[in-house]
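Asks: Chain order of the listed sequences is F and G.
So in the working numbering, spot 266 of the first sequence is number 266, and the numbers just go up one at a time.
So in the working numbering, spot 131 of the second sequence is number 131, and the numbers just go up one at a time.
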Amino acid sequence: MERYYQKEIETADREQILAWQNERLVKQVRHVWDDVPYYRKKMEEKGVTPEDIQGVEDLHKLPFLTKDDLREAYPYGLLAKPLKDCVRIQSTSGTTGRRVVAFYTQHDIDLWEDCCARAITAAGGTSGDVCHVCYGYGLFTGGPGLNGGSHKVGCLTLPMSSGNTDRQLQFMVDLEATILCCTPSYAAFLAESIHERGLRDKIKLKAGIFGAEAWSEEMRQDIQNKLGIKAYDIYGLTETSGPGVAFECSEQTGMHINEDHFIAEIIDPDTREVLPEGSKGELVFTSITKEAFPLLRYRTRDICVLTRKQCSCGRTHVKMSKPMGRSDDMLIVKGVNVFPSQIETVLLEQGYQANYQIIVDRVNNSDTIEVKVEMTPENFSDNLGKITEMEKGLVSALKAMLGIYAKVRLVAPKSITRSEGKAVRVIDNRKI
Amino acid sequence: MTIPQISVFLENKAGQLADITGILSENHVNMRAINIAETADYGVLRLIVDDASKASAILLEQGFILTMTPVVGVAVPDTPGGLSKVLGVISAAEIDVEYMYSVFGQKDGQACMIFRVADTDGLAEILTKNGIAMISGEDLGLH
Numbered sequence: 001m002e003r004y005y006q007k008e009i010e011t012a013d014r015e016q017i018l019a020w021q022n023e024r025l026v027k028q029v030r031h032v033w034d035d036v037p038y039y040r041k042k043m044e045e046k047g048v049t050p051e052d053i054q055g056v057e058d059l060h061k062l063p064f065l066t067k068d069d070l071r072e073a074y075p076y077g078l079l080a081k082p083l084k085d086c087v088r089i090q091s092t093s094g095t096t097g098r099r100v101v102a103f104y105t106q107h108d109i110d111l112w113e114d115c116c117a118r119a120i121t122a123a124g125g126t127s128g129d130v131c132h133v134c135y136g137y138g139l140f141t142g143g144p145g146l147n148g149g150s151h152k153v154g155c156l157t158l159p160m161s162s163g164n165t166d167r168q169l170q171f172m173v174d175l176e177a178t179i180l181c182c183t184p185s186y187a188a189f190l191a192e193s194i195h196e197r198g199l200r201d202k203i204k205l206k207a208g209i210f211g212a213e214a215w216s217e218e219m220r221q222d223i224q225n226k227l228g229i230k231a232y233d234i235y236g237l238t239e240t241s242g243p244g245v246a247f248e249c250s251e252q253t254g255m256h257i258n259e260d261h262f263i264a265e266i267i268d269p270d271t272r273e274v275l276p277e278g279s280k281g282e283l284v285f286t287s288i289t290k291e292a293f294p295l296l297r298y299r300t301r302d303i304c305v306l307t308r309k310q311c312s313c314g315r316t317h318v319k320m321s322k323p324m325g326r327s328d329d330m331l332i333v334k335g336v337n338v339f340p341s342q343i344e345t346v347l348l349e350q351g352y353q354a355n356y357q358i359i360v361d362r363v364n365n366s367d368t369i370e371v372k373v374e375m376t377p378e379n380f381s382d383n384l385g386k387i388t389e390m391e392k393g394l395v396s397a398l399k400a401m402l403g404i405y406a407k408v409r410l411v412a413p414k415s416i417t418r419s420e421g422k423a424v425r426v427i428d429n430r431k432i
Numbered sequence: 001m002t003i004p005q006i007s008v009f010l011e012n013k014a015g016q017l018a019d020i021t022g023i024l025s026e027n028h029v030n031m032r033a034i035n036i037a038e039t040a041d042y043g044v045l046r047l048i049v050d051d052a053s054k055a056s057a058i059l060l061e062q063g064f065i066l067t068m069t070p071v072v073g074v075a076v077p078d079t080p081g082g083l084s085k086v087l088g089v090i091s092a093a094e095i096d097v098e099y100m101y102s103v104f105g106q107k108d109g110q111a112c113m114i115f116r117v118a119d120t121d122g123l124a125e126i127l128t129k130n131g132i133a134m135i136s137g138e139d140l141g142l143h
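#1: Of the choices L18/F, Y76/F and R98/F, whose alpha-carbon is the least far from that of P294/F?
#2: So if I threshold CB-CB distances at 8 Å, which residues from the segment 5-30 of chain G count as touching chain F?
#3: So what's I89/F in DSSP terms, helix, strand or just coil?
#4: For S162/F and L205/F, what's the separation of their Cα atoms in angstroms?
#5: Taking CB distances under 8 Å as the criterion, tell me whether V44/G reaches chain F.
#6: Kindly indicate the opening and closing residues of the alpha helix (DSSP H) around C182/F.
#7: Under 8 Å between the Cβ atoms of T289/F and R24/F?
#8: Tell me, please, which residues DSSP counts as bridged to S231/G.
#9: With respect to the alpha helix (DSSP H) encompassing E460/F, which residues constitute its N-terminal and C-terminal limits?
#10: Would A37/G pass as an interface residue toward chain F - the criterion being a Cβ-Cβ separation below 8 Å?
#11: Check whether the Cβ atoms of D361/F and N429/F sit closer than 8 Å, and answer yes or no.
#12: What does the alpha-carbon distance come out to for the pair R167/F and G228/F?
#13: Quick one: using the 10 Å Cβ neighbour count with 16 as the cut-off for buried, is G63/G buried or exposed?
#14: For the alpha helix (DSSP H) that contains R118/F, what are its first and last residues?
#15: Between G55/F and V26/F, how many whole angstroms is the CB-CB distance? I'm expecting something under 8 Å.
#16: Closest Cβ-Cβ distance between E98/G and chain F: below 8 Å?
#17: Contact criterion: CB-CB distance below 8 Å. Does D119/G meet it with respect to chain F?
#18: Around the Cβ of D96/G, are there at least 16 other Cβ atoms within 10 angstroms (buried) or fewer (exposed)?
#19: When the Cα of T92/F is compared with those of G403/F, A412/F and K414/F, which residue comes out closest?
#20: Can you tell me the Cα-Cα spacing of S381/F and G244/F, whole angstroms?
#21: Inspect the CB distances between the segment 60-80 of chain G and the segment 369-384 of chain F and report whether three or more fall short of 8 Å.
#22: Starting from the Cα of L169/F, find the closest Cα among S241/F, F189/F, H151/F and K386/F and give me that residue.
#23: Please determine, among A40/G, E38/G, I20/G and A37/G, the residue with the shortest C-alpha to C-alpha distance to M31/G.
#24: Alpha carbon to alpha carbon, how far is L306/F from P276/F?
#25: Compute the distance between the beta-carbons of T286/F and I267/F, then report whether it is under 8 Å.
#26: With H, G and I counted as helix, E and B as strand and the rest as coil, what does DSSP make of P70/G?
#27: Along the segment 51-78 of chain G, where does the CB come closer than 8 Å to a CB of chain F? Name the residues.
#28: The beta strand (DSSP E) with A264/F in it runs from where to where?
#29: Could you list which residues in chain F have their beta carbon closer than 7 Å to that of D41/G, in chain order?
#30: Considering Cα atoms alone, identify which of R118/F, V363/F and R98/F is closest to M255/F.
#31: With 16 as the cutoff for other CB atoms within 10 Å, does K372/F come out buried or exposed?
#32: So is M172/F buried or exposed if we call it buried at 16+ other beta carbons inside 10 Å?
#33: Taking 8 Å as the threshold, find out whether the segment 350-366 of chain F comes into contact with the segment 7-14 of chain G through three or more Cβ pairs.
#34: Flag this pair as yes or no: are the beta carbons of S150/F and C131/F separated by less than 8 Å?
#35: Which ranges does the beta strand (DSSP E) cover as unbroken runs of at least 3 residues, wholly within the segment 327-363 of chain F, from first to last along the chain?
#36: Compare the C-beta of L83/F against all C-beta atoms of chain G and say whether one is closer than 8 Å.
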């Protein structure tokens, strides 16, 4: 039998959901107009006032918000509540090194954790479960979000964070974890390790909630078979709260967007026109309940499709497909957002030229990233030790910028392919 | 009394070294010593050639990255313990050797080693003081 964390909300009829959205949108627009000069200016530039927004049908009148806006407004420009009312920040990488910082009031955290609790419950989680969270904790939203959701459901929560596979497996076995939360590639890696160590009969997992990076149906089947579990997708982004913006139910055919908190639109990324339901396009979110960091018409750059087809799980909220790609050049490597422009910034700072290539691959279920960069006369030396020192310096600067290890490969000048005068910056060899 | 060395950046891929030796051969540049220091991905090719300025101009034109470095040629007795004695003298003077390698062929029962040190003058001084001969570019037939 299907279980819900907030049944009345999750199975509300369309009229009720629309009524919530209308009321909350009008209130939210008034809130940002009154309290965020940056928004007011954007709305004024578009000739929109709060009176023009009477409900969801007027949403298209509002200006879009992009990652560039977040960068421009960094750190406090989009803050909509006094700092004394804020209790937390989370952060993710920005396009050129300046990070995105999102603020939360206690109420914002409560609602975010509710969303994660809905996801855990949809995956079969109850207060009798042991929830093993090995998303990273800290600035990354994965760990804190699922941790809070797990508390709300009443699971015994194992705040494992990422890494240290031996310890992960020991706790998973000894504490009889039943629900696993991590990136799909780490889940696949753990499944391999469990198989290699002959632990399959010792684990008690029944479900997994895997998100923060792209994964295919094939990968889902593989993880499900190896671990003997059901694997559920979860979606979110730091800008709008974190994981739990949308989550999968037992049908496993897309993720229900929590429409009482977020209004979703699909637009053509080039013309920025709103597309009819069922069209493939860029996903845009408006957060209608966030207090500290409300985003109106935020362009996620994720390409997907929305569907309102009736779902066998009983939930009525719109479903989004797995993201099918991006409308910008952002890469997701090991669950971390990577922009080629960040790598370019580091290379220039370290005295290399902007002739580089990023090669992403997946080896043994783990993402790898390699940066090929052309040697320059300034960085060259007859002393090999000096070159390897510079290379190490570049590796640590990249680690500091990206938050993950990237291999550096120094290559001969002019050896990086240029097609029609434009360099091919990214080669993604992952077969996801 | 230093000798000009050309150091070229080498990517570890098939044919890189052959490309360079081919270019030098076509341009009638004769190599007197060669040495490679490498990691798994790249290396530094060090060359002593008969005409360093000509060779470096040609290689630069071909898009190679290179640098010129003054190195010291040292005559080492071609007998057991010959190199050990030279290194003992250098070590006693606390001069750090960044790297060293040998030159093709030998002269009058003596081998020739190339030394790269930060303090070239200091090296020349202690070699002279200890009666160890240096080898000039002319000795090696350099233009």
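Built from N, CA and C at the ideal position, the CB exists for glycine as well.
Replies: Looking at the atomic coordinates:
#1: The residue you call residue 294/F lines up with position 294 of the first sequence. When only C-alpha atoms are compared, the closest one is Y76/F.
#2: Considering only beta carbons, the part of the segment 5-30 of chain G lying closer than 8 Å to chain F consists of Q5, S7, F9, L10, E11 and Q16, in chain order.
#3: Locating residue 89/F in the first sequence gives position 89, where the first residue counts as 1. DSSP places I89/F in strand when its eight states are reduced to three.
#4: Residue numbering aside, residue 162/F sits at position 162 when the first sequence is read from its first letter. Residue numbering aside, residue 205/F sits at position 205 when the first sequence is read from its first letter. So the two alpha carbons sit approximately 18 Å from each other.
#5: Here residue 44/G refers to the residue found at position 44 when the second sequence is read from its first residue. Answer yes: the Cβ-Cβ gap between V44/G and chain F drops below 8 Å somewhere.
#6: Counting from 1 along the first sequence, the entry for residue 182/F is found at position 182. Looking at the DSSP string, C182/F is not in any alpha helix (DSSP H); the run it does join, the beta strand (DSSP E), is I179 to C182.
#7: Reading the first sequence from its first residue, position 289 is the one you call residue 289/F. Reading the first sequence from its first residue, position 24 is the one you call residue 24/F. The answer is yes: Cβ separation under 8 Å.
#8: Missing from the structure shown is residue 231/G; chain G here goes from 1 to 143 and no further.
#9: Residue 460/F lies beyond the range of chain F shown here (1 to 432); nothing can be said about it.
#10: Position 37 of the second sequence, counting from 1, holds the residue named residue 37/G. At least one chain F Cβ lies under 8 Å of A37/G.
#11: By one-based count along the first sequence, residue 361/F stands at place 361. By one-based count along the first sequence, residue 429/F stands at place 429. Yes, the pair counts as a contact, with Cβ atoms nearer than the cut-off.
#12: Here residue 167/F refers to the residue found at position 167 when the first sequence is read from its first residue. Here residue 228/F refers to the residue found at position 228 when the first sequence is read from its first residue. Distance between the alpha carbons of R167/F and G228/F: 21 Å.
#13: As a working note, residue 63/G is residue 63 in the second sequence. The residue in question, G63/G, is exposed, as its Cβ has fewer than 16 Cβ neighbours within 10 Å.
#14: By 1-based counting over the first sequence, the position of residue 118/F is 118. Unbroken alpha helix (DSSP H) run through R118/F: Q106 to A122.
#15: For the purposes of this step, residue 55/F is taken as residue 55 along the first sequence, with counting starting at 1. For the purposes of this step, residue 26/F is taken as residue 26 along the first sequence, with counting starting at 1. V26/F and G55/F do touch by the CB rule: their CB atoms are close to 7 Å apart, below 8 Å.
#16: Residue 98/G sits at position 98 when you count from the first residue of the second sequence. So yes, E98/G belongs to the interface.
#17: Looking up residue 119/G in the second sequence gives position 119. No - not a single Cβ of chain F is within 8 Å of the one on D119/G.
#18: Taking the first residue of the second sequence as position 1, residue 96/G is located at position 96. Per the 10 Å Cβ criterion, exposed.
#19: Residue 92/F sits at position 92 when you count from the first residue of the first sequence. That would be G403/F, whose Cα lies nearest to the Cα of T92/F.
#20: Here residue 381/F refers to the residue found at position 381 when the first sequence is read from its first residue. Here residue 244/F refers to the residue found at position 244 when the first sequence is read from its first residue. Their backbone Cα atoms lie some 51 Å apart in a straight line.
#21: Verdict: yes, contact present.
#22: If you number the first sequence from 1, residue 169/F lands on position 169. Cα-wise, what sits closest to L169/F is F189/F.
#23: Walking along the second sequence from the start, residue 31/G turns up at place 31. The residue with the shortest Cα to Cα distance from M31/G is I20/G.
#24: Counted from its first residue, the first sequence places residue 306/F at position 306. Counted from its first residue, the first sequence places residue 276/F at position 276. Their backbone Cα atoms lie some 9 Å apart in a straight line.
#25: By one-based count along the first sequence, residue 286/F stands at place 286. By one-based count along the first sequence, residue 267/F stands at place 267. No, the Cβ-Cβ distance between T286/F and I267/F is not below 8 Å.
#26: Numbered from 1 along the second sequence, position 70 holds the residue referred to as residue 70/G. Looking at P70/G - three-state DSSP - the assignment turns out to be strand.
#27: G63, F64, I65, L66, T67 and T69: these are the residues of the segment 51-78 of chain G whose beta carbon lies less than 8 Å from some beta carbon of chain F, given in chain order.
#28: Residue 264/F sits at position 264 when you count from the first residue of the first sequence. Here the beta strand (DSSP E) through A264/F covers F262 to I267.
#29: By one-based count along the second sequence, residue 41/G stands at place 41. Chain F residues near D41/G: R409 and L410.
#30: The residue you call residue 255/F lines up with position 255 of the first sequence. Out of R118/F, V363/F and R98/F, R118/F has the C-alpha closest to the C-alpha of M255/F.
#31: For the purposes of this step, residue 372/F is taken as the residue at position 372 of the first sequence. Looking at its Cβ environment, which holds 16 or more other Cβ atoms inside 10 Å, K372/F is buried.
#32: Within the first sequence, numbered from 1, the residue matching residue 172/F stands at position 172. M172/F comes out buried.
#33: no
#34: Start at 1 with the first residue of the first sequence, and residue 150/F comes out as number 150. Start at 1 with the first residue of the first sequence, and residue 131/F comes out as number 131. A contact, by the Cβ cut-off of 8 Å.
#35: 331-333, 336-338 and 356-363
#36: Here the question's residue 83/F lines up with position 83 in the first sequence. Interface flag for L83/F against chain G is unset, since no Cβ pair is found closer than 8 Å.
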